[in-house]
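K.L.:
According to the working numbering, the stretch in the sequence shown is residues 320 to 607, in order. From the three backbone atoms N, C-alpha and C, an ideal C-beta is built for every residue, glycine too. Can you keep this structure in mind? I'll have questions shortly.
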Amino acid sequence: MALVTIEAMLREARDGRYAVGAFNMADYASALAIVRAAQDCQAPVIVQTSVKTVRFWGCAAIVAWMKEIAGNLTVPVALHLDHCKDLDVIEQCIAAGWTSVMIDASAKPFEENLAVTRKVVEMADAAGVSVEAELGEIGGVEDDKKVSDETAHLADPDKAESFCRGLHLAAFAPAIGTAHGIYKGEPRLAFDRLEEIARRTDVPIALHGGTGLSDDVFRKCIALGCAKVNISTQIKYAFIDAFVDYHTAHKEYEPLKPLAAQIDRIRKEVAEKIELFGSAGRAAASAR
Ligand SMILES: [Zn+2]
């Protein structure tokens, strides 16, 4: 089917107390693996791109791959732009065919973040594209942005409520103590804050920094209102490790074989996450 926005799939997920997995692709093979996993599980899925990936391949190639991959399958697939601060890139992605974008102006003061986000919502609404926005700073490393654990600050529920009021958001990413990359030690999540923000904003919550969280933590976050769970670092590891492992074991110079091993590994790990998040078997409901 054609690419869809994240709006209906996340509302459906939030109301059904499950989450849609949002997995970062690096190239055609990883995008194919992610969507095939969703098809295996009959689940809605979000394929997302970092700004780095967009710059590496260019918009046209990514959209062409995604339309071809999703067009041959029956599950709802969204193409989402992950953390983007650059309005020009957002504009280019919307024009090229992304169905969803994340504006991350979270490093700016509250009022500026809100103003920039509002501008993106206007742009996206005009094109029928959904928007995710961030408040507070999520820790760890993402693209060129490094937020040290000390300075990472959590989203304030009062501010979250006033941020989301009157703003057409498909997903809201408040900082609740998760971090991007690999956790050093046990992450401490602010579950009470997550619960309060989800209740007071009434917007499906996006959980960032998913790699390395325990199954129980995922289940708890989903029960409290997280309807989009981002998995990026785990896909990067699967992508590199599957290729290296295959070559180490076989010492062949036939590129299609390690590529196939990469696709298999990513497909398997994505399917496991889809099962854990509860979105398996929800494709039909999500496509309504
Ligand atoms: Zn993130």
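So the beta strand (DSSP E) Glu453 belongs to, where does it begin and stop?
P.N.:
Within the sequence shown, numbered from 1, the residue matching residue 453 stands at position 134. Glu453 -> beta strand (DSSP E) spans 449 to 454.
K.L.:
Smallest Cα separation from Glu591: which of Lys404, Ser349, Ala356, Leu508?
P.N.:
In the sequence shown, counting from the first residue as 1, residue 591 sits at position 272. Of the candidates Lys404, Ser349, Ala356, Leu508, the one whose C-alpha sits nearest the C-alpha of Glu591 is Ala356.
K.L.:
Output needed for Gly496: all residues of its chain with C-beta closer than 6 Å, excluding positions within five of it in sequence on either side, in chain order.
P.N.:
Residue mapping note: residue 496 aligns to position 177 of the sequence shown, counting from 1. Closer than 6 Å at Cβ, skipping near neighbours: Arg507, Leu508, Ala509.
K.L.:
Please list, in chain order, all residues of the same chain as Gly608 whose beta carbon is under 6 Å from its beta carbon, the five residues on each side excluded.
P.N.:
This structure does not reach residue 608, given that the chain is present from 320 up to 607, and the question cannot be answered.
K.L.:
Quick one: what's Ser419 bridged to in DSSP?
P.N.:
In the sequence shown, the residue the question calls residue 419 occupies position 100. Answer is His399, Ser449.
K.L.:
Identify whether Arg330 lies in helix, strand or coil by the three-state DSSP scheme.
P.N.:
Start at 1 with the first residue of the sequence shown, and residue 330 comes out as number 11. Of the three classes helix, strand and coil, the one that applies to Arg330 here is helix, per DSSP.
K.L.:
Under DSSP, the beta strand (DSSP E) around Pro493 begins and ends at which residues?
P.N.:
Residue 493 sits at position 174 when you count from the first residue of the sequence shown. It spans 490 to 493 - the beta strand (DSSP E) in which Pro493 sits, taken as one unbroken run.
K.L.:
Is the beta carbon of Ile325 less than 8 Å from the beta carbon of Phe342?
P.N.:
Residue numbering aside, residue 325 sits at position 6 when the sequence shown is read from its first letter. Residue numbering aside, residue 342 sits at position 23 when the sequence shown is read from its first letter. No, they are not a contact pair.
K.L.:
For Val589, which residues from the same chain have a beta carbon less than 6 Å from its beta carbon, with the 5 sequence-adjacent residues on both sides left out?
P.N.:
The residue given as residue 589 occupies position 270 in the sequence shown. Within the same chain, Val589 has close Cβ partners Phe342, Ile353, Ala356.
K.L.:
Taking CB distances under 8 Å as the criterion, tell me whether Asp564 reaches chain B.
P.N.:
Reference to chain B is not applicable here, since this structure consists of a single protein chain.
K.L.:
What do you get for Leu322, buried or exposed, if any count of 16 or more other CB atoms within 10 angstroms of its CB means buried?
P.N.:
For the purposes of this step, residue 322 is taken as residue 3 along the sequence shown, with counting starting at 1. Counting Cβ neighbours within 10 Å, Leu322 comes out buried, since at least 16 surround it.
K.L.:
Any heavy atom of ligand 1 closer than 7 Å to the Cβ of Asn549?
P.N.:
As a working mapping, residue 549 is identified with position 230 in the sequence shown. Yes, ligand 1 has a heavy atom inside 7 Å of this Cβ.
K.L.:
How is His527 classed by DSSP in three states: helix, strand or coil?
P.N.:
Against the sequence shown, residue 527 aligns to sequence position 208. His527 falls in the coil class under three-state DSSP.
K.L.:
For Gly340, which option in Phe562, Ile524, Thr436, Val370 has the closest C-alpha, if you only look at C-alpha atoms?
P.N.:
Against the sequence shown, residue 340 aligns to sequence position 21. Nearest of Phe562, Ile524, Thr436, Val370 to Gly340, Cα basis: Ile524.
K.L.:
Does DSSP classify Asn391 as helix, strand or coil?
P.N.:
Locating residue 391 in the sequence shown gives position 72, where the first residue counts as 1. DSSP places Asn391 in coil when its eight states are reduced to three.
K.L.:
Quick one: what's Thr368 bridged to in DSSP?
P.N.:
The residue labelled residue 368 in the question sits at position 49 within the sequence shown. Bridge partners of Thr368: Leu400.
K.L.:
Going by beta-carbon coordinates alone, are Gly318 and Ala517 separated by less than 8 Å?
P.N.:
Any question about residue 318 goes unanswered here, given that the chain covers just 320 to 607.
K.L.:
Below 8 Å, how does it come out for the segment 471 to 481 and the segment 434 to 441: are there three or more Cβ pairs, yes or no?
P.N.:
No: the two stretches stay apart, fewer than three of their Cβ pairs being nearer than 8 Å.
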